[in-house]
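Trainee:
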């Protein structure tokens, strides 16, 4: 709804400034863009759907304890990237992981990895819209970052207990 | 189709093959899931893509070039990281917007920093999900630990782009 409102406002502003042909040209651009991203969109959706059938991130929780070191952070990063869906799916899972013994470093790594490189967002939005080259480059560059942040988080002098 | 698109399609078919090995039921669920996903996403795209196209037309090309163009370097990366954290809304808003920025002349490293900043800081998500579920102490720990990452992502992307030419959107 918000996007629709912004879209209508932008269209009106463009009409005001450049007249109706400019609005038509922009719509044509949008349609061409859609045709261009359609193959990636379809492949991305199929891959995301297949992965959802194949994996369950919660099963990895027992390797994410406070004593798990870099290995635990790596597992958390992997689990985060494999978690499908938006925040309404991911944050409840964070609580499940915390209950299953994951420490705060692992939880920080998990949330960051999900937010940065969650496969669903990557496959359905970033790859089709911005191009696979850019998406793969950005993913590779940010892949190790959740682990670094998790490592830092374990050393921060802020007391935190998982909510019961 | 570009090379990357072919690669994506091949990987998707492999994943479907793995589902088939698990049994026809799993594969059928995956295909149905794909259809439902498409059904949900098409209306979003039908609204988001024209919005991005209108904004791209409206945005003065020079403005984006000065602030977050390919030549803006570290300053542009800082601006983009910060702006990314303030961008509201989900991926269906952000990625079309990034595309509009790119058309208006934004640089690739700057856009990598913007997406990273948006992913990490997303203010709306902290307010609606992270703070209520995990508490402000956890939010503080995570933000302090992740603070420099968008800038780092931008700098790394700049180094990569210097070696491998990578474009945004249409090749």
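Residue numbers (the numbering used here), protein chains in the order written: chain A, 1 to 164; chain B, 165 to 335. Virtual Cβ for every residue (Gly too), placed ideally from N, Cα, C. Here the structure is a predicted model, which means the values were calculated and not measured.
1) Does the segment 28-35 of chain A touch the segment 205-219 of chain B, meaning 3 or more C-beta pairs lie closer than 8 Å?
2) What residues of chain A sit near residue 293 of chain B, judged by a beta carbon separation below 7 Å?
3) Looking at chain B, is there any beta carbon in it that lies within less than 9 Å of the beta carbon of residue 19 of chain A?
4) Could you work out which residue in B:298, B:248 and B:268 is closest to residue 277 of chain B when comparing CA atoms only?
5) What would DSSP say about residue 292 of chain B, mapped onto helix, strand or coil?
6) Would DSSP call residue 119 of chain A helix, strand or coil?
7) In this structure, how does DSSP classify residue 304 of chain B when only helix, strand and coil are distinguished?
8) Comparing the C-beta of residue 64 of chain A with each C-beta of chain B, is any distance below 9 Å?
9) According to DSSP, simplified to helix, strand and coil, what is residue 147 of chain A?
10) Is residue 156 of chain A helix, strand or coil by DSSP?
11) Distance cutoff 9 Å, beta carbons only. Does residue 68 of chain A sit that close to anything in chain B?
12) Do residue 153 of chain A and residue 301 of chain B count as a contact pair if the criterion is CB distance below 9 Å?
13) Using DSSP with H/G/I as helix, E/B as strand and the rest coil, what is residue 101 of chain A?
14) Residue range of the alpha helix (DSSP H) that residue 283 of chain B falls in?
15) Listing by chain order, which chain B residues have their CB less than 8 Å from the CB of residue 97 of chain A?
16) Compare the Cα-Cα distances from residue 172 of chain A to each of A:17, A:118 and A:148 and report the closest residue.
17) Quick one: measure Cβ to Cβ for residue 126 of chain A and residue 256 of chain B, integer angstroms, because I've assumed they're closer than 8 Å.
18) Cα-Cα, which of B:266, B:272, B:295 and B:331 is closest to residue 322 of chain B?
19) Hey, does residue 133 of chain A have any beta-carbon neighbour from chain B nearer than 9 Å?
20) Can at least three beta-carbon pairs, one atom from the segment 137-153 of chain A and one from the segment 171-184 of chain B, be found at a separation below 8 Å?
21) Check the C-beta distance from residue 128 of chain A over to residue 44 of chain A and give it rounded, since I have them as a contact under 8 Å.
22) Residues in the same chain with beta-carbon distance under 6 Å from residue 296 of chain B, minus the five sequence neighbours each way, listed in chain order, please.
23) Taking Cβ positions only, does residue 241 of chain B come closer than 9 Å to chain A?
24) Kindly list, in the order they appear in chain A, the residues whose Cβ is closer than 8 Å to that of residue 169 of chain B.
25) Can you tell me where the alpha helix (DSSP H) holding residue 133 of chain A begins and where it ends?
26) Where are the alpha helix (DSSP H) runs, 4 residues long or more, that stay fully inside the segment 196-281 of chain B, in chain order?
27) Output yes if chain A places a C-beta closer than 9 Å to the C-beta of residue 251 of chain B; else output no.
28) Going by Cα to Cα distance, which pick from A:19, A:155 and A:37 is closest to residue 104 of chain A?
29) Would you identify the three-state DSSP class for residue 189 of chain B, choosing helix, strand or coil?
30) Can you tell me where the alpha helix (DSSP H) with residue 70 of chain A in it begins and where it stops?
31) Should the segment 91-110 of chain A be regarded as contacting the segment 64-78 of chain A, the criterion being three or more beta carbon pairs within less than 8 Å?
32) Anyone know if the C-beta pair for residue 270 of chain B and residue 232 of chain B falls short of 9 Å?
33) Distance check for residue 150 of chain A and residue 177 of chain B, CA to CA, integer angstroms please.
34) Check for me: the alpha helix (DSSP H) holding residue 313 of chain B runs from which residue to which?
35) Note down, in chain order, each residue of its chain lying with its Cβ closer than 6 Å to the Cβ of residue 253 of chain B, except the 5 sequence neighbours on either side.
Mentor: Taking the coordinates as given:
1) Counting Cβ pairs under 8 Å, three or more are found: they touch.
2) On the second chain, position 129 is the one that residue 293 of chain B refers to. The contact set of residue 293 of chain B on chain A, defined by CB atoms closer than 7 Å, consists of 87 and 91 in chain order.
3) Residue mapping note: residue 19 of chain A aligns to position 19 of the first chain, counting from 1. So no, residue 19 of chain A is outside the interface.
4) For the purposes of this step, residue 277 of chain B is taken as residue 113 along the second chain, with counting starting at 1. The residue among B:298, B:248 and B:268 with its C-alpha nearest the C-alpha of residue 277 of chain B is B:248.
5) To locate residue 292 of chain B, count along the second chain from 1; it is residue 128. Reduced to three states, the DSSP call for residue 292 of chain B is helix.
6) Position 119 of the first chain, counted from the start, is the residue given in the question as residue 119 of chain A. It is helical.
7) Indexing the second chain from 1 puts residue 304 of chain B at position 140. Look at residue 304 of chain B here: in three-state DSSP terms it is helix.
8) To locate residue 64 of chain A, count along the first chain from 1; it is residue 64. No, its Cβ sits nowhere closer than 9 Å to a Cβ of chain B.
9) Sequence index remark: in the first chain, residue 147 of chain A carries index 147 (1-based). In the structure shown, the three-state DSSP call for residue 147 of chain A is helix.
10) Start at 1 with the first residue of the first chain, and residue 156 of chain A comes out as number 156. Taken through DSSP and simplified to helix, strand or coil, residue 156 of chain A comes out as coil.
11) If you number the first chain from 1, residue 68 of chain A lands on position 68. Not an interface residue.
12) Locating residue 301 of chain B in the second chain gives position 137, where the first residue counts as 1. Locating residue 153 of chain A in the first chain gives position 153, where the first residue counts as 1. No, the Cβ-Cβ distance between residue 301 of chain B and residue 153 of chain A is not below 9 Å.
13) Counting from one through the first chain, the residue named residue 101 of chain A turns up at place 101. Of the three classes helix, strand and coil, the one that applies to residue 101 of chain A here is coil, per DSSP.
14) Sequence index remark: in the second chain, residue 283 of chain B carries index 119 (1-based). Per DSSP, residue 283 of chain B belongs to the alpha helix (DSSP H) from 272-285.
15) For the purposes of this step, residue 97 of chain A is taken as residue 97 along the first chain, with counting starting at 1. Taking the beta carbon of residue 97 of chain A as reference, no residue of chain B falls within 8 Å; the closest one sits roughly 11 Å away.
16) What the structure shows of chain A is the stretch from 1 to 164, and residue 172 of chain A is not part of that stretch, so it cannot be assessed.
17) Within the first chain, residue 126 of chain A is the residue found at index 126, counting from 1. Within the second chain, residue 256 of chain B is the residue found at index 92, counting from 1. That belief does not hold up - the Cβ atoms of residue 126 of chain A and residue 256 of chain B are roughly 11 Å apart, past 8 Å.
18) Residue numbering aside, residue 322 of chain B sits at position 158 when the second chain is read from its first letter. If we check each option's Cα against that of residue 322 of chain B, B:272 comes out closest.
19) On the first chain, residue 133 of chain A is found 133 positions in, with the first residue counted as 1. For residue 133 of chain A, the answer is yes, since a Cβ of chain B falls inside 9 Å of its Cβ.
20) Because the criterion of three Cβ pairs below 8 Å is not met, the segment 137-153 of chain A and the segment 171-184 of chain B do not touch.
21) Looking up residue 128 of chain A in the first chain gives position 128. Looking up residue 44 of chain A in the first chain gives position 44. At roughly 6 Å, the Cβ-Cβ gap stays under 8 Å, so residue 128 of chain A and residue 44 of chain A are in contact.
22) Here residue 296 of chain B refers to the residue found at position 132 when the second chain is read from its first residue. Here the set comprises nothing.
23) As a first step, residue 241 of chain B must be located in the second chain, where it is residue number 77. In terms of beta-carbon proximity, residue 241 of chain B stays away from the interface with chain A, with every pair separated by 9 Å or more.
24) Counting from 1 along the second chain, the entry for residue 169 of chain B is found at position 5. Residues of chain A passing the Cβ test: 39, 40, 43 and 132.
25) Stepping through the first chain from its first residue, residue 133 of chain A is reached at position 133. Taken as a continuous stretch (DSSP letters only), the alpha helix (DSSP H) holding residue 133 of chain A covers 132-142.
26) Inside the segment 196-281 of chain B, DSSP marks whole alpha helix (DSSP H) runs of 4 or more residues at positions 225-232, 237-250 and 255-267, from first to last along the chain.
27) For the purposes of this step, residue 251 of chain B is taken as residue 87 along the second chain, with counting starting at 1. Chain A contact via Cβ: absent.
28) Residue 104 of chain A sits at position 104 when you count from the first residue of the first chain. Restricting attention to A:19, A:155 and A:37, the CA atom closest to the CA of residue 104 of chain A is found in A:155.
29) Residue numbering aside, residue 189 of chain B sits at position 25 when the second chain is read from its first letter. Correct three-state label for residue 189 of chain B: helix.
30) Reading the first chain from its first residue, position 70 is the one you call residue 70 of chain A. From DSSP, the alpha helix (DSSP H) with residue 70 of chain A extends over 69-82.
31) Flag = yes, the segment 91-110 of chain A and the segment 64-78 of chain A touch.
32) By 1-based counting over the second chain, the position of residue 270 of chain B is 106. By 1-based counting over the second chain, the position of residue 232 of chain B is 68. Against a cut-off of 9 Å, the Cβ pair of residue 232 of chain B and residue 270 of chain B comes out as a contact.
33) The count along the second chain starts at 1 and reaches residue 177 of chain B at position 13. The count along the first chain starts at 1 and reaches residue 150 of chain A at position 150. One Cα belongs to residue 177 of chain B, the other to residue 150 of chain A, and the distance between them is close to 34 Å.
34) If you number the second chain from 1, residue 313 of chain B lands on position 149. Counting along the chain, the alpha helix (DSSP H) containing residue 313 of chain B begins and ends at 313-327.
35) Taking the second chain and counting its residues from 1, one reaches residue 253 of chain B at position 89. So the list is empty, once near-sequence residues are dropped.
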